[in-house]
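Report on one structure; see the data block that follows.
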Amino acid sequence: MNRIHRFSVLLALTTAAALAEPFDPSGILLTWQRDPTTTMTIDWHSIEGVGIELVNDLSVGHNLPVKIPVYTKVRPSTLEFRARGETGWKKAEGRSFPFPFKEDRKGSLHRDGYSHSFPPSGRTVHRVELTALASDAVYEFRFDDGGKIHHFRTLPKTLSREVRFAAGGDIGFGTWTERMNRIAASHDPDFVIWGGDLAYCDGAKERLGRWYDFFDSLKKSLVTAEGRTIPVLATVGNHEVQGGFHKPGAQPDEAEDARRLRLSPYFMSFFAMPGQPGYNVLDFGDYLSVILLDSGHLNPVGGAQAAWLDETLSRRAKVPHVFPAYHVPGFGTFRPLSDRYATVIREQWVPLFEKYRLAVVFENHEHNYKRTVPIRNMKPDATGVTYLGDGAWGAWNIGITDRENKWYLEKADSLNHFILVKLKGPEARFEAFNLLGDVFDRHRARRP
Ligand SMILES: [Fe+2]
Ligand SMILES: [Fe+2]
Numbered sequence: 122m123n124r125i126h127r128f129s130v131l132l133a134l135t136t137a138a139a140l141a142e143p144f145d146p147s148g149i150l151l152t153w154q155r156d157p158t159t160t161m162t163i164d165w166h167s168i169e170g171v172g173i174e175l176v177n178d179l180s181v182g183h184n185l186p187v188k189i190p191v192y193t194k195v196r197p198s199t200l201e202f203r204a205r206g207e208t209g210w211k212k213a214e215g216r217s218f219p220f221p222f223k224e225d226r227k228g229s230l231h232r233d234g235y236s237h238s239f240p241p242s243g244r245t246v247h248r249v250e251l252t253a254l255a256s257d258a259v260y261e262f263r264f265d266d267g268g269k270i271h272h273f274r275t276l277p278k279t280l281s282r283e284v285r286f287a288a289g290g291d292i293g294f295g296t297w298t299e300r301m302n303r304i305a306a307s308h309d310p311d312f313v314i315w316g317g318d319l320a321y322c323d324g325a326k327e328r329l330g331r332w333y334d335f336f337d338s339l340k341k342s343l344v345t346a347e348g349r350t351i352p353v354l355a356t357v358g359n360h361e362v363q364g365g366f367h368k369p370g371a372q373p374d375e376a377e378d379a380r381r382l383r384l385s386p387y388f389m390s391f392f393a394m395p396g397q398p399g400y401n402v403l404d405f406g407d408y409l410s411v412i413l414l415d416s417g418h419l420n421p422v423g424g425a426q427a428a429w430l431d432e433t434l435s436r437r438a439k440v441p442h443v444f445p446a447y448h449v450p451g452f453g454t455f456r457p458l459s460d461r462y463a464t465v466i467r468e469q470w471v472p473l474f475e476k477y478r479l480a481v482v483f484e485n486h487e488h489n490y491k492r493t494v495p496i497r498n499m500k501p502d503a504t505g506v507t508y509l510g511d512g513a514w515g516a517w518n519i520g521i522t523d524r525e526n527k528w529y530l531e532k533a534d535s536l537n538h539f540i541l542v543k544l545k546g547p548e549a550r551f552e553a554f555n556l557l558g559d560v561f562d563r564h565r566a567r568r569p
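Right, dumping it as structure tokens:
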């Protein structure tokens, strides 16, 4: 065999091996749209699809005939799953939809802000909801024959074991976010709650690449040592929405769902929960309800949302653990109480939290750590509500202002953190972890 021939055989073998490589999604996101004791919603992302054609085109800038690669088909939205211990795989089929935007030099959209000379490329979101699962059970899933096997765990129907979750907000991506994700994952939480400001994309087409990095960080680091992928419950923050905050009447004839999708194309596409209209509640058996609220980004804080919150809390008066989570704090560490967005939260929601005697509420947005005193009627009161926050999972720290006049701050420090919540019987325990993996604050609560 001459040298050239040997080289082409080798090349052919290498190419065949590369094409036979099992499919590995560019992003994986687990969440719930319904009952976390019997369902799981699995999202995964693929870069373009299968089968390539070379098509005639005109070059950008030079307008000369060229041939560019184009995928002929989107990948099928199928995965296989089984309960741990079972040998046979079951197939589940879902649906797919394109990423809100596609990298395309013609549209001047580049993932990193630079003009580059590569052909256009886009991604697809695939979504499957598995239902009728066993509770408190481990399941395996894979996207390809012979591909990597991932795991998830459903929740128990009753609080028969300790249920744990990690709460925080202002997430980001890259080194520090991944380190925080790994520390959180090492405590084996059943899920995380992320209260807004996720990839810092502002719903902007030009910042598409930040979501690539966000999902890359998520896939690498929000996984336990045993390989269990941790589900995410997210709320919307100002950095998920064009303009940051809801403005009434911009395009009065537009349908509300369409308006929210236009202003927050990534958040509304990537997170099946909360889904439209941008706030929702998730009930875990008879012991826990998580309320994901929109602190004025896609919906007004008052009006329909406040009425819904009142109704939602009244129906859960006997649930031992009820936790609202949202982005903008009513009791901030950085901004003053007079801040207009904080004021509306205290006018519209805080009276409801007090009326229904909640123990703890999660707030974010100000990139510090805080634990307030229990508050009722704007005064410290042992029967009041404690606000934990203030959103610094992986984002930069902002710092605390006017500390001496902020009577409501029991503990405040400006550092990255998450809060590990452990539910056992009627009691919830809270531990705040820093980037060293150390606990620097603790709290215990139960609904009064
Ligand atoms: Fe933020
Ligand atoms: Fe924010």
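Each residue of the sequence shown is one higher than the one before, counting from 122 in my numbering. Ideal Cβ positions, reconstructed from N, Cα and C, are used throughout, including at glycine.
Counting other Cβ atoms within 10 Å of its Cβ, H183 stays below 16 and is therefore classed as exposed.
Distance from the Cα of H564 is smallest, within the candidate group E548, F392, F455, for E548. Distances from the CA of A566 to each of A503, N489, S256 were compared; the closest alpha carbon is that of A503.
In the DSSP assignment, I173 falls within the beta strand (DSSP E) that extends over 170 to 179. As the crow flies, the alpha-carbon of R331 is around 6 Å from that of C322. Check the Cα spacing between L414 and each of G406, D407, G423: the tightest is with G423.
Look at T345 here: in three-state DSSP terms it is coil, with no helix or strand label.
Scanning its chain for C-beta atoms nearer than 6 Å, with the 5 sequence neighbours on each side dropped, one finds around H271 the residues F262, T350, in chain order. In this structure H448 touches H486 by the C-beta definition: roughly 5 Å separates them, less than 8 Å. Rounded to the nearest angstrom, the gap between the Cα atoms of L419 and V411 is 19 Å. For D318, the CB falls within less than 6 Å of some heavy atom of ligand 1. S338 sits in a helix when the DSSP states are folded into three classes. In the structure shown, the three-state DSSP call for N526 is helix. Using a Cβ distance threshold of 7 Å, A253 and A204 do not count as a contacting pair.
Collapsing the DSSP output to three states places M161 in a strand. Scanning its chain for C-beta atoms nearer than 8 Å, with the 5 sequence neighbours on each side dropped, one finds around I292 the residues T298, W315, D318, L319, A320, F335, W514, G515, A516, in chain order. Not a single heavy atom of ligand 2 lies less than 6 Å from the C-beta of G364. The residue from F218, D265, T493 with its alpha-carbon nearest to that of R248 is F218. Distances from the alpha-carbon of D511 to those of N526, F391, A446, E468 put A446 closest.
For K269, no beta strand (DSSP E) segment is defined, and its DSSP state is neither H nor E. With 16 or more neighbouring CB atoms inside 10 Å of its own CB, K340 falls in the buried class. Distance between P398 and G324, taken at the CA atoms: about 16 Å.
Look at the beta carbons and you see the stretch 433 to 441 not touching the stretch 450 to 459: under three pairs across the two are nearer than 8 Å. Inter-segment contact for the stretch 384 to 397 and the stretch 140 to 156 is present: three or more beta-carbon pairs are separated by less than 8 Å.
Annotated three-state conformation of P472 is helix, per DSSP. At least one heavy atom of ligand 2 falls within 6 Å of the beta-carbon of N359. V443 sits buried, since 16 or more C-beta atoms from the chains shown fall within 10 Å of its C-beta. In the DSSP assignment, D431 falls within the alpha helix (DSSP H) that extends over 425 to 435. Apart from sequence neighbours up to five positions away, the residues of its chain that approach F405 with a beta-carbon distance below 6 Å are P157, L276, ordered along the chain.
Where F405 is concerned, the enclosing beta strand (DSSP E) starts and stops at 401 to 405.
Residue environment analysis places A463 among the buried positions, since at least 16 neighbouring C-beta atoms fall within 10 angstroms of its C-beta. When DSSP states are grouped into helix, strand and coil, S390 belongs to the helix group.
At least one heavy atom of ligand 1 falls within 6 Å of the beta-carbon of D291. DSSP places W315 inside the beta strand (DSSP E), whose first and last residues are 312 to 316. For A258, the CB stays at least 6 Å from every heavy atom of ligand 1.
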